[in-house]
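In the working numbering, the protein residues as written are 1 to 271.
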C-alpha cells in the first residue's frame, strides 16, 4: 500500500482515527485506495512544488472524522458532505470559501484561520478545543454560550495593535485553558467568570506593553488556576491575589513587571 495507515489520537484525546498521510491533492486512484483501507483520518501535507488551488472535495467519499491540512496553496471549497462527518478539523492554509459554523456541528476540535469561518460559534455545540489563527480584528470576539468549550487559543496578527477590547466569554464558563498570542484583553475582567480556568497565557507583543498596567484582581474568582504566564503583559498590579489561589503552581513573569514584587514564592518563575 502506498499510504501506510496508523492509529492517531488528535490532541491526545480524540480518536483513535485510522489515519494516512498524503502529499498534495489526492487523485481518484488515491481516494479509492484510501477507501479500501478503511481510513477515517487524513493528514494532507504540502508538496515540494505547489501551484493552483488545492481541491479536496473528493474526500467526502471517505467519510472522514479527522482531517488536517497543511498547505501554501489556496484550498478550494470544502463540501458539506465532507464537513458533516468531521470531529476534528485542523487547517493551516487559506480557504477559497469560508466554512459555515452550522455545517460542522459535530466538530470537537477546530483549528482554523479566523477569516475562514463564518457564523456564530455557539453553533459548535460539541466543540472542546477552538483555535483561531491569524485574527485580524481588534473588535469583539463573541465566544459566548459555548458550554462544551474547554480549551481556547487565539493568535492575532501584528496589525491588530496588541489589544482586544472584549472576548465575550459569558456562558462559556467550562473553559479550562486560554492561550492568547500577539494581543491581550483590555482587562482581565473577561476571565472572572471562568471558574474552571486552570491555565492562562497572555502574550502580547512585548515592545508595545512596557507601560501598560494590568490588574490581576479579577483572577481572585479563578480558584482552580494552576498556571499563569504573563511575562510580557506590562506593569502588573494587585499581585497579592496570587497568594490566595489554592491550586496555583506556576507564575511566569518578568521581575520588573510587578508594581510590588511578590518575593520568594515556590510558584514564581522569573524570566
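Quick reminder that beta carbons are idealized off the backbone N, C-alpha and C, glycines included.
Opening and closing residue of the alpha helix (DSSP H) in which residue i lies
i          : result
residue 82 : 80-83
residue 36 : 28-36
Residue(s) in a DSSP beta bridge with residue i
i           : result
residue 155 : 181
residue 270 : 253
residue 45  : 23
residue 202 : 180
residue 18  : 7
residue 54  : 75
residue 214 : 236
residue 164 : 185
Opening and closing residue of the beta strand (DSSP E) in which residue i lies
i           : result
residue 72  : 66-75
residue 227 : 227-229
residue 60  : Note, residue 60: premise wrong, no beta strand (DSSP E); not H, not E.
residue 197 : Looking at the DSSP string, residue 197 is not in any beta strand (DSSP E), and its letter there is neither H nor E.
residue 10  : 6-10
Straight-line Cα distance separating residue j from residue i
i           : j           : result
residue 70  : residue 265 : 43 Å
residue 168 : residue 8   : 34 Å
residue 163 : residue 202 : 11 Å
residue 197 : residue 244 : 15 Å
residue 212 : residue 134 : 23 Å
residue 61  : residue 12  : 26 Å
residue 89  : residue 52  : 22 Å
residue 146 : residue 172 : 5 Å
residue 120 : residue 102 : 8 Å
residue 242 : residue 34  : 52 Å
residue 252 : residue 131 : 23 Å
residue 50  : residue 2   : 21 Å
residue 229 : residue 81  : 41 Å
residue 267 : residue 72  : 42 Å
residue 285 : residue 214 : Only positions 1 to 271 of the chain appear in the structure, and residue 285 is not among them; the question remains open.
residue 177 : residue 109 : 14 Å
residue 261 : residue 222 : 21 Å
residue 217 : residue 47  : 49 Å
residue 236 : residue 15  : 41 Å
residue 199 : residue 67  : 27 Å
residue 106 : residue 65  : 9 Å
residue 186 : residue 78  : 36 Å
residue 21  : residue 42  : 6 Å
residue 30  : residue 24  : 11 Å
residue 55  : residue 83  : 14 Å
residue 57  : residue 32  : 14 Å
residue 254 : residue 91  : 34 Å
residue 179 : residue 4   : 34 Å
residue 137 : residue 148 : 25 Å
Any non-hydrogen atom of the ligand NAP closer than 8 Å to residue i Cβ
i          : result
residue 41 : Only the bare structure without any ligand can be found here, which leaves the ligand NAP out of the picture.
Subject >> Inter-stretch contact at 8 Å, needing at least 3 Cβ pairs: the segment 108-116 / the segment 31-39 >> reply: no
Original post:
Per the contact definition of three or more C-beta pairs closer than 8 Å, is the segment 136-148 in contact with the segment 184-194?
Top reply: no
Subject >> beta strand (DSSP E) runs contained entirely in the segment 78-155, provided each spans 3 or more residues >> reply: 88-95, 109-113 and 129-135
**OP:** At 3 residues or longer, and completely inside the segment 216-262: list those beta strand (DSSP E) runs for me, N to C.
**Re:** 227-229, 235-237 and 250-253
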